[in-house]
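Undergrad: Numbered per the working numbering, the sequence shown finishes at 356, counting up by one with no gaps. Would you mind keeping the following structure in view while I ask a few things?
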Amino acid sequence: MAAASISVSSRAFSNGGAIPARYTSSGADVSPPVNWAGVPDGAQSLGLTVIDPDAPCKPFVHWDAPI
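Right under this line is the structure:
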């Protein structure tokens with residue numbers, strides 16, 4: 290069985306772009322909208338981990354959530 294190619298995106302910011310202040314603890318501290326595509330039929334669960342590669346303390350994990 291080939292590995293699935295799942296894509297994750299958000300309309301709140303561009304791929305590789307900065308996360309707008311609204312979605313940070315300095316702003317409204319709300320989660321940005323997240324969309325995904327390509328989930329294999331029969332998948333029972335997904336997990337989403339967001340790591341900040343530019344944070345001074347590595348690794349800095351913003352999210353680690355089941356979805």
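Yeah, the Cβ is synthetic: ideal placement off N, Cα and C, and Gly gets one too. Just so you know, these numbers come straight off a predicted model, no measurement behind them.
Roughly how far, in whole angstroms, is the beta-carbon of residue 296 from the beta-carbon of residue 327, given that I think they are within contact range, below 8 Å?
TA: Sure, about 6 Å apart at Cβ, within 8 Å.
Undergrad: For residue 324, write down the residues that DSSP places opposite it in a beta bridge.
TA: 298, per the DSSP bridge assignment.
Undergrad: Could you compute how far the alpha carbon of residue 346 sits from the alpha carbon of residue 336?
TA: Their backbone Cα atoms lie some 23 Å apart in a straight line.
Undergrad: State the beta-bridge partners of residue 340 as determined by DSSP.
TA: 350, per the DSSP bridge assignment.
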